[in-house]
Structure formats: C-alpha cells, structure tokens
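For what it's worth, the working numbering labels the leading residue of the sequence shown as 493, then goes sequentially.
Scroll down for the structure; my scribbles are underneath it.
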Amino acid sequence: MAKRIFDILLTLILLPFLIPVVLVFAIILTVELQSFPFIVQERGITLKKFRFKIIKLRTIKENKNIKRYYIASVFYKPQYIDDVPKFAGWLRRTGLDELPQIYNILKGEMSFVGPRPLMISDLTLLKTYDWKYYKIRASFDSKPGITGLWQIFCNREEGAKNLIALEKIYDEMKSVSYDLKILLYTVPVVLTANNADSIFSSTSFPFLQKSFVSSSTDLEITFAKSNKKITDSLDDYQISLPGNWWTTDESVEIANRKKNRFELLLVKPSTQKTA
C-alpha cells in the first residue's frame with residue numbers, strides 16, 4: 493500500500509512537468525519519423541503474469557524488410573540501428589522514450605520501480621531458450637517498473653541470468669526507501685544518456701566501474717536446485733553493485749568475510765519442462 497501511495501503522489505507531482513515534455517518529444521518524433529509518435533505494446537513479466545498494454549514514444553522507423561525476431565533479440569537488437577534516427581536514438585539512450593508509461597502507473601498497472609515488462613515476442617523467446625529463468629521470473633510479486641535494478645545496472649551480454657538475478661534481488665528487498673535510492677541512481681543514467689539500450693549498447697551501467705564508486709556490494713548468486721533429475725545446471729553467478737546497501741543481513745547468507753551468498757529460488761520439480 494505504501495508503495496502504491498508513493499507512486500500516485502510522485503506521479504501527481506511530476507505530471508505538470510512531464511506532459512509538456514512528452515508533447516515536445518512527440519512533435520519532434522513526428523517530423524523525424526514521419527509517423528504517429530506514440531505506440532501501444534502488449535508486455536508482461538511473463539506471458540501470463542502482469543500482462544498489459546504500455547504507451548511508449550516511437551523511436552524506430554517502420555521497416556517491413558527487417559527480420560524482427562531471432563534468438564539474441566531478447567537483450568540486444570542491433571538489427572534496428574539503421575532505423576533509429578538521431579533524436580530518437582538520444583531518447584533511447586536516456587530512457588526518456590518510456591515517459592508515457594506514467595499513464596500506466598496512474599492506472600495501477602506499473603510502478604516507477606520494478607522488473608522491466610518485456611514484449612510478448614521477447615517473453616516467448618525467453619520461455620523457449622531460457623525456460624528455467626523464465627519460471628523464476630514467474631515467481632515475482634512486484635509490479636513492472638519503468639526503472640529498476642536491471643534497468644540501470646544490467647549487463648545485456650550476460651542475458652537472462654543477469655536479468656533474473658537483479659530483478660529477484662529487488663523483489664526480495666522492495667520498499668519505498670529502496671525505490672527512492674534506485675530512482676536517485678536513475679537520474680545520472682538519464683542526464684548522461686547512459687541507458688544500456690538494447691539497440692545501441694549491451695554493456696553495463698558505467699557506475700559499476702570502480703572509478704565511479706567508493707565501495708561496492710559483491711554478491712554470489714545461487715540458483716538452488718531441489719531435484720537431482722534436473723540436468724541443466726543453473727550455475728552460481730557473480731554480480732557487483734555500487735554501494736553497500738543493496739541487501740540486508742536477513743536477505744543474504746554470509747558465506748565469508750568478502751562475499752555474500754544470495755539464494756534466489758529453488759527450482760522445484762513442478763517447474764520442469766515437459767515434452
């Protein structure tokens with residue numbers, strides 16, 4: 493309830509400033525793309541969970557000749573780069589093309605902070621090629637968010653494992669104060685146009701570099717298994733976040749003095765993929 497109240501209050505504060513900004517962006521995109529500047533996309537956490545339609549600023553020119561979907565396209569889509577003009581590209585690098593989703597926040601379909609809702613085509617690919625991680629995502633209780641741990645600290649080259657690790661940490665830790673801290677980390681991403689966009693960049697947020705932070709949280713992520721019959725291993729995974737406040741003593745098991753072990757989820761027998 494507190495998180496929902498926070499979302500509504502922040503939306504009401506920002507709306508008078510965001511509406512004229514979005515309208516200006518829309519006018520520029522109409523000229524640049526020669527098409528209607530808004531699009532509606534169906535997205536979700538999974539194909540069944542938190543599925544809804546978002547409003548988004550259009551940033552890609554229509555190109556019927558492009559091959560839209562292939563395996564790597566869930567996290568990195570360089571095939572679109574020639575169809576993104578200059579201003580639209582800047583919007584993607586800042587993440588400001590997502591501003592119209594404040595409407596979805598008002599409707600209660602989204603939050604400012606939460607797991608990123610993925611396109612239905614991407615969720616289909618995730619379910620097909622990263623099925624076990626897809627099942628872990630289905631356990632999330634958090635509403636989708638415009639920003640979040642994965643949105644600002646992702647490394648797209650590490651794929652579904654990176655996505656699930658960061659989103660599960662948030663799902664365990666979410667609170668109004670946690671959201672405020674993530675929003676503060678989002679500001680420099682926008683101001684410096686360092687959004688790890690799927691078309692222009694597959695690298696992680698630059699604040700992860702040691703030169704940007706005085707301390708960091710090193711986590712050893714464990715995707716625990718509860719059934720020996722599962723043959724596809726969900727390996728341990730290392731991740732580092734800037735600062736030292738991302739977890740609590742209750743959320744991690746101290747493995748040694750330097751590492752925290754974070755057990756994300758048991759892959760239960762009932763989640764095994766059947767033929």
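C-beta atoms are modelled at their ideal positions from N, C-alpha and C, and glycine is treated no differently.
Assignment of beta strand (DSSP E) within the stretch 527 to 613, counting only whole runs of 3 or more residues, yields 530 to 536, 544 to 549 and 603 to 605 in chain order. Under a 10 Å Cβ-count criterion, Asn736 is classified as exposed, with fewer than 16 other Cβ atoms of the shown protein chains found around its own Cβ. DSSP places Gly637 in the uninterrupted beta strand (DSSP E) bounded by Gly637 to Thr639.
For Ile691, the secondary structure class from DSSP, reduced to helix, strand or coil, is coil. Secondary structure note for Asp710: its beta strand (DSSP E) is the uninterrupted segment Ser708 to Thr714. DSSP lists no beta-bridge partner residue for Tyr670. Per DSSP, the unbroken alpha helix (DSSP H) holding Trp623 starts and ends at Trp623 to Arg629. Note on geometry: alpha-carbon atoms of Phe692 and Val668 lie some 31 Å from one another. For Ser732, the enclosing beta strand (DSSP E) stretches over residues Tyr729 to Pro734.
Non-local beta-carbon contacts of Thr709 in its own chain, meaning distances under 6 Å to residues more than five positions away in sequence, involve Leu733, Asn736 and Trp738 in chain order. Pairing Arg550 with Leu521 gives a Cβ-Cβ distance under 9 Å. Measuring C-alpha to C-alpha distances from Lys495 to each of Glu712, Leu617, Gly606 and Asp727 identifies Gly606 as the nearest. Ranking Tyr625, Arg584, Lys660 and Asp622 by CA distance to the CA of Gly640 puts Lys660 first.
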